[in-house]
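Contents: one structure, followed by commentary.
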Ligand SMILES: NC(=O)c1ccc[n+]([C@@H]2O[C@H](COP(=O)([O-])OP(=O)(O)OC[C@H]3O[C@@H](n4cnc5c(N)ncnc54)[C@H](O)[C@@H]3O)[C@@H](O)[C@H]2O)c1
Ligand SMILES: [Zn+2]
Ligand SMILES: [Zn+2]
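Residue numbers (the working numbering), protein chains in the order written: chain E, 1 to 191; chain C, 1001 to 1393.
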């Protein structure tokens, strides 16, 4: 799971890792095709590339957020680094590194993203976009990327049928008559 | 279509909902011919899983006919008769490659959320809460089956549903529990819980070479099935003041080679320990009641194996860890890798080595689901296993 730590100058840094059961070059190449990223990155609407620069449009409540980023390092099969252009943006810089995984396990992917938690209205919007926090969002996006790389699709229940009762969130409280510990929100266990 | 929905604590409703549709190209739609209620569904019914949402369609034991397939489905065909495993597995990931299907990393769309809560990403399951993917379940007229080329097992047309349905869960679960016992020919096994899972474990243990099987429960008709259908020795724990001592007496004073906990987190108990567990659970200091597991550890012979198919979800207390360590016990547990066992078990069923249908006590349509959940939960009315047929034959 992602780490999210405070760095100097109001910047926070999220880092995380995932193993993808595909060759290093293939994983790199899929990611390097920036305009294809919205398929995996849940809140990114579009990425357009113009040379070393790219233009990012992200869905946010109360309108889209946009910024430009610039690739600062690009070693095929190994690493891509970028930073944002201008200083009004939330995401400041990022790195994605690809290394060979032992025992034929494919590719280890290491991601680091530096961001500046914004204040005010924008901040609220970003917090919503990020849902449960940037760490979980980045992990979710990488999980989607992994699903696509390994199975060719991204598992979903979106649009499936269900009963009439509506409930947006998982239950906050245990409802059992025996009232087990809130910690058994780890699941009632499987089948 | 009609579907059995979770509507809150011990609240089951049968509703008319839209028919499921193909969402991804690797999906299939199955028209359900038979579907069962599982002991695991009772953990949801009793509110032990906070990741249920009202309106979720329940059910993970089902079979039927393929009526639609997505454009990328290659092996399965419309018209195939299939049994569907309760776990949803992608077939491609690190764990699926090793046949550890229940640990599939890619089938749960909420994998990251589940990892944030559990510390690992849980695999997808049908009808078993948003923690396990939020997939609509099979207690319905139709179900959407993801990864259709990976899970469903095509079965012959001329064999009745009753013989095949339990390949979806309880038969592989009992079998894996017995396999986890590392049985040598002539071995002795004691099994806590003579519910459907415990009974399947008893049958499987014999198939794998056990000579003496002891079943422990308090429900008379279940114990009767254990003795008449599984040739087991039975102990009614409600009428026995020291289950562990009784088992030792039956095994030459040494204890069984292997023990199976087919009860899990809702175990009933007696005496002070029961009061202690209920109080702790009520005060939220403990999430699960491990009476059966404690006894199993105490009864097992030194160097033996503890196999746990019964579900645990959280934290348990007063585990006799010193005894387990001192005896050098081996623990094996977990959710069944159903896909791995289905074909082997189908062959056993077709050859007549195993007939799991004797556990069925109730046959109903979907409309009777609410009453059936209650009877199965309360172990009333001789209710051992409920099978629902959405389409009246
Ligand atoms: N590992 C898996 O993948 C998997 C699959 C299916 C079911 N399960 C689990 O297996 C367990 C049993 O399932 P089931 O369908 O047979 O449920 P069930 O509720 O019908 O059976 C449980 C039985 O245990 C008995 N029992 C309760 N306390 C006991 C005690 N202290 N000692 C001995 N017996 C006791 C009950 O009387 C009942 O007969 C459940 O926890 C279920 O969730 C696990
Ligand atoms: Zn089950
Ligand atoms: Zn998998």
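Where a beta carbon is used, it is the ideal one built from N, C-alpha and C, also for glycine.
Here the structure is a predicted model, which is why all the values come from computation and not from measurement.
Query	Result
For residue 1078 (chain C), the first and last residue of its enclosing beta strand (DSSP E)	Premise fails: residue 1078 (chain C) is in no beta strand (DSSP E) and is neither H nor E.
Buried or exposed by the 16-neighbour rule on C-beta atoms within 10 Å, applied to residue 120 (chain E)	Bear in mind that a pLDDT of 49 at residue 120 (chain E), under 50, signals an unreliable position, so the model cannot answer this.
Chain C within 9 Å of residue 11 (chain E), Cβ atoms only	no
Residue 1035 (chain C) classed as buried or exposed, judged by whether at least 16 other C-beta atoms fall within 10 angstroms	buried
Residues near residue 254 (chain E) by beta carbon distance below 7 Å, same chain, minus five either side	The requested residue 254 (chain E) does not occur in the structure, where chain E is confined to residues 1 to 191.
Bounding residues of the alpha helix (DSSP H) (the contiguous stretch that carries residue 111 (chain E))	Careful: residue 111 (chain E) lies outside any alpha helix (DSSP H), inside the beta strand (DSSP E) at 107 to 115.
Limits of the unbroken beta strand (DSSP E) element including residue 68 (chain E)	65 to 75
Where residue 178 (chain E) falls: helix, strand or coil (DSSP)	Note that residue 178 (chain E) scores 46 on pLDDT, short of 50, meaning its location in the model is unreliable; the coordinates nonetheless yield the value given after this. DSSP places residue 178 (chain E) in coil when its eight states are reduced to three.
Segment contact flag, the stretch 108 to 118 of chain E with the stretch 17 to 35 of chain E, C-beta cutoff 8 Å, min 3 pairs	yes
Residue 138 (chain E) (DSSP reduced to helix, strand or coil)	helix
Length of the line joining the Cα atoms of residue 1365 (chain C) and residue 1140 (chain C)	10 Å
Member of C:1060, C:1069 and C:1226 whose CA lies at the smallest distance from the CA of residue 1356 (chain C)	C:1226
Residues in the stretch 1018 to 1030 of chain C having any Cβ partner in chain E nearer than 8 Å	1018, 1019, 1020, 1021, 1023, 1024, 1025 and 1026
Below-9 Å beta-carbon distance, residue 24 (chain E) vs any chain C residue	no
Run of the alpha helix (DSSP H) containing residue 1324 (chain C), from where it starts to where it stops	1321 to 1327
Alpha carbon of residue 1401 (chain C) to alpha carbon of residue 1004 (chain C), nearest angstrom	Beyond the ends of chain C as shown, which are 1001 and 1393, falls residue 1401 (chain C); an answer cannot be given.
Buried versus exposed call for residue 1006 (chain C) [16 or more other C-beta atoms within 10 Å across all chains shown]	buried
Chain C within 9 Å of residue 4 (chain E), Cβ atoms only	no
C-beta contact flag for residue 1188 (chain C) and residue 1216 (chain C) at 9 Å	no
Short Cβ contact (9 Å threshold) for residue 1256 (chain C) with residue 1301 (chain C)	yes
Proximity winner among E:15, E:50 and E:117, relative to residue 35 (chain E) (alpha-carbon distances)	E:50
CA nearest to the CA of residue 1090 (chain C), picked from C:1151, C:1244 and C:1388	C:1151
When C:1391, C:1052, C:1067 and C:1015 are compared against residue 1030 (chain C), the one with the closest alpha-carbon	C:1067
Residue from C:1335, C:1097 and C:1060 with nearest C-alpha to residue 192 (chain E)	Residue 192 (chain E) falls outside the range modelled here, since chain E spans only 1 to 191, and no answer is possible.
C-beta neighbour in chain E for residue 1057 (chain C), strict 9 Å	yes
Neighbourhood of residue 68 (chain E) by C-beta, 8 Å cutoff - its chain only, sequence neighbours within 5 removed	53, 54, 55, 56, 84, 85 and 86
Neighbour flag for residue 1378 (chain C) against chain E, beta carbons, 9 Å	no
Residue 1237 (chain C) versus residue 1270 (chain C) - alpha carbon distance	9 Å
CB contact check: residue 43 (chain E) to chain C, cutoff 9 Å	no
Three or more C-beta pairs below 8 Å linking the stretch 1331 to 1338 of chain C and the stretch 1167 to 1185 of chain C	yes
Where residue 33 (chain E) falls, given that 16 or more other Cβ within 10 Å makes a residue buried	exposed
According to DSSP, residues forming a beta bridge with residue 158 (chain E)	According to DSSP, residue 158 (chain E) bridges with nothing at all.
9 Å Cβ cutoff, residue 1144 (chain C) in contact with chain E	yes
Residue-chain proximity (residue 107 (chain E), chain C), Cβ-Cβ < 9 Å	no
C-alpha gap between residue 1102 (chain C) and residue 1332 (chain C), whole angstroms	14 Å
9 Å Cβ cutoff met for residue 1193 (chain C) and residue 1261 (chain C)	yes
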